[in-house]
Structures are given as C-alpha cells and as structure tokens.
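Whatever position you read off the sequence shown (first residue = 1), add 1 for the numbering used here. Where is the CB? At the ideal position from N, CA and C, for every residue including glycine. Presented below is the structure to which this report refers.
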Amino acid sequence: MKAAKAAKAATTAKAATKSKTAATTAKGVTTAKAAAPLKAPKAESHLAMVRRARRINRELAEVYPYAHPELDFRNPFELLVATVLSAQTTDLRVNQTTPALFAAYPTPEDMAAAVPEEMEEIIRPTGFFRAKTKSLMGLAAALRDEFGGEVPGRLEDLVKLPGVGRKTANVVLGNAFGVPGITVDTHFGRLVRRWKWTDEEDPVKVEAVVAGIFPKSEWTMLSHRVVFHGRRICHARKPACGACPIAPLCPSYGEGETDPEKARKLLKYEMGGYPGQRLSPPADYPGKPAPALGAE
C-alpha cells in the first residue's frame, strides 16, 4: 500500500516537473518566434505579377478616364519645349510660363535667334533658366538646320537634340505623334517599384520591363494613368492608402495613411477638389483650370 502511494506520488511529481518544463519550453518557443522576423510571403510568379499589373491598369483607366499630358501645348514644337522646361519643376509652373515664351518665340527659327538674356528672363520661374535657355536655343537651331524647322517623329532623331532624352522623346512621340511610348518619370518609376512590377532603378531598364508587361497600344495611356495616380493619391512621402481604389492590388499597402478619413485629406488636384496643373485642360477634365502666373 505504502509502495503504491509512493509510486503515485513520484508519478505526480514527475508529471508536474514535466508540465513545468513543457510550459517553460513553450514560453521560450513563443518568445523566440515573436522575436524572429516574419516569414517572407510566397514569391509571386511572373505570370501572376503580369495579371495583377494589367488589372491595376484597367482599374486606373476607370478612375482616370480623362488622363492626359499635364503640359499645355498646341503643336509638337510647343510640347517639346514645354517638356524640356519641365525638368526640376512642376508642370503647373511650366504652363504658367510658356504663354509668354511662345508669344515671343512661336517657331524654332524665332527661338534659335533669341537674345539669351531675354529668354532667360521669361523662363526664370521654371528654375535652371540659363541651362534651359542654352538647351532650348540649341534644339531650336537643330530643328531649323537639320529638320527644316519641324519636330521629327522618330525617337532616334529626337534624342539627338540638345536637352532631349528618352523620357522627353517618348512624351512628344506619344502625345504629339500618336507613337506609343512609356514615359518613365519620377512618379512612374517609384510607383512601378512600389507595385513590385520591377526593382530596377535605371529608367531605360524600367521602360524595357514595363514594355514587356503591356501591349504597345497601352503604353502612352498607361504612362498618363500611373503619373496621374502618383500625383493625386500615391504620393512619395504620404501615400493615401486608405483612399486608394487599387489598394487590394498593392503589395505596399500600409506604407501610407490607411484611415479613410485622414487619407482623403491627402488627395490632390481634382481628387481633392483643387485645380489641376493645366491652364487649358481638355474638355472632359473634371477639375478646375490652373491659375495663370501671379494669380495663385
């Protein structure tokens, strides 16, 4: 009898010790798991990424059916000049400056013969006005001397002009000549990386990757939609995640404000009830025209 009681007591003590050890072990495992980094999500296949990217494009087409180039222009020459001027400044500032510029120099011949100091004074609001004046006079002279005063409609010709890179050339080709092109500006580059379409930083490589995802017929409008979204909702520092119509498709959701009310306060241009960047927007643009220079 005593032996049986002793055995039972030993078993109970052993079980208690085992239970305590198990609890300690479980606690240790839990603590270790909590301290360890989260397991990376399963890698998205290339096909799945392409499908998601194309769905994002379709969603953006519904959100921005009026997407357009945000530079005012009436012909290829004006668009080329405006795009060169847009470096390191806003499209709004360019649009406020070009009316006086084109009134003074309506053709490449006029611009090539300009007095540099006079042109510098006109385009001063856009910044870097000395360097831009040199580029504009140089490209105007090249148009006059090599292309009969006409803007060429080929990429290889455009990129030879002073101050004209691949981005500027694609803007002109896509919007003045109807030639499909992908415009990789700051907004486009950061959004496609945020959406995990590519991790490339070089604009030429980004262009090549995105060109492989979408049919050529979509290139120009895709560029407008992505830039529109970057300027209005998916901002660089404070993206309005809680007001984003493509949030379910975005692998970076949560980098910005997720509260819907707070996010709505971050919306810009017509999405936030404010004027856009064009003084002369398209007829179907739902927002207000931007104010002229000095009328802000």
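Around the CB of E119, fewer than 16 other CB atoms lie within 10 Å, so the residue is classed as exposed.
For L72, there is no enclosing alpha helix (DSSP H), as DSSP marks it with neither H nor E.
For the set F229, I234, I214, M222, the Cα lying nearest the Cα of L48 is the one of I214. Collapsing the DSSP output to three states places S253 in coil.
The C-beta separation of G150 from P107 comes to about 11 angstroms, leaving the pair out of contact by the 8 angstroms criterion.
Annotated three-state conformation of T99 is helix, per DSSP. In the three-state scheme derived from DSSP, where H, G and I count as helix and E and B as strand, Y270 is classed as helix. In the three-state reduction of the DSSP assignment, C235 falls in the coil class, being assigned neither a helical nor a strand state.
Taken in chain order, the complete alpha helix (DSSP H) segments of 4 residues or longer contained in the segment 146 to 193 are 156 to 159, 167 to 177. Per DSSP, the unbroken alpha helix (DSSP H) holding V207 starts and ends at 204 to 212. Under the three-state reduction of DSSP output, V116 falls in the coil class, being neither helix nor strand. When the beta-carbon positions are compared, L61 and L72 stay at least 8 angstroms from each other.
DSSP, reduced to helix, strand and coil, places L93 within a helical segment of the structure shown. Here the segment 177 to 185 makes contact with the segment 196 to 214; the two share three or more CB pairs at distances below 8 angstroms. Separation of R53 and T169 (C-alpha to C-alpha, rounded to the nearest whole angstrom) is 28 angstroms. Taking the Cβ atoms as the reference, F178 lies roughly 7 angstroms from P77, within the contact range of under 8 angstroms. Non-local C-beta neighbours of D92 in its own chain, meaning closer than 7 angstroms and more than five positions away in sequence, comprise E71, L72, Q278, ordered along the chain. A distance below 7 angstroms between beta-carbons, with the five flanking residues on each side excluded, links Q89 to the following residues of its chain, in chain order: G128, F129. The segment 254 to 263 and the segment 95 to 107 do not touch, with fewer than 3 CB-CB distances between them shorter than 8 angstroms. In this structure, C242 sits near E258, with a CB-CB distance shorter than 8 angstroms. Look at F229 here: in three-state DSSP terms it is helix. Annotation: the continuous alpha helix (DSSP H) that includes L61 extends over 47 to 64. For E262, the enclosing alpha helix (DSSP H) begins and ends at 261 to 265.
For R145 against A113, the beta-carbon gap comes to about 5 angstroms, under 8 angstroms, which counts as contact.
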